[in-house]
Amino acid sequence: MIANTFFTKKQEHRIIYKSGGLASQMDFLLYPSNDLPDVSNCKVIPGDHVEAQVTPGDHHVVTIDLSVKVKVSKGQKRKLEGQRKVKWFKLKDRKVSIQFKSEALQKIKSDIYDKNVWWSRTKKALLDTGREVLGESCGKIWESKETWWYSN
Numbered sequence: 001m002i003a004n005t006f007f008t009k010k011q012e013h014r015i016i017y018k019s020g021g022l023a024s025q026m027d028f029l030l031y032p033s034n035d036l037p038d039v040s041n042c043k044v045i046p047g048d049h050v051e052a053q054v055t056p057g058d059h060h061v062v063t064i065d066l067s068v069k070v071k072v073s074k075g076q077k078r079k080l081e082g083q084r085k086v087k088w089f090k091l092k093d094r095k096v097s098i099q100f101k102s103e104a105l106q107k108i109k110s111d112i113y114d115k116n117v118w119w120s121r122t123k124k125a126l127l128d129t130g131r132e133v134l135g136e137s138c139g140k141i142w143e144s145k146e147t148w149w150y151s152n
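Here's what the structure looks like:
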């Protein structure tokens, strides 16, 4: 659709530039014709000037009125790769907690006297036991796919 020829306008709403008794008509705004119901008006604003010119004359602003429909998606999500995590919340169950404790204590050695070595081995034992007894998450991060800033 060529916007300036589609709408009937007064002469003052079609002139974009006046100088020395000469005038030029509105610039053309192209818009997809399948989106025609979105366009409600196309005109020149006579009072607003685009730029100050060295020579006398006025260049006016060309506007187009659109009604834009924004689709807000609810619940659309996509999976992102993340880090797998131990399901520590399962320790709230008493039976699982007892099983975790007994298996972890079997793996932790108390005959190590260097605290840094002891801590790194204890940490590894607890994480390994947690993965075996409690399980791990799938590592997927759920993120919303709302595209209200842009459209395709």
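Counting from 1, one number per residue, gives the positions in the sequence shown under UniProt numbering. In this text, a Cβ means the ideal position worked out from N, Cα and C, and glycines have one as well.
- Query: How far does the beta strand (DSSP E) with L22 in it reach, from first residue to last?
  - Reply: L22 to Q25
- Quickly, what does DSSP pair E136 with across the bridge? List them, please. V86
- Query: Exposed or buried, T8, counting other C-beta atoms within 10 Å across all chains shown (16 or more means buried)?
  - Reply: exposed
- Query: Are at least three pairs of beta-carbons, each pair with one atom in the region 82-98 and one in the region 108-125, less than 8 Å apart?
  - Reply: no
- Just curious, the alpha helix (DSSP H) that L105 is in, first and last residue? R94 to K107
- Task: Could you work out which residue in K107, G21 and E103 is closest to T122 when comparing CA atoms only?
- Result: K107
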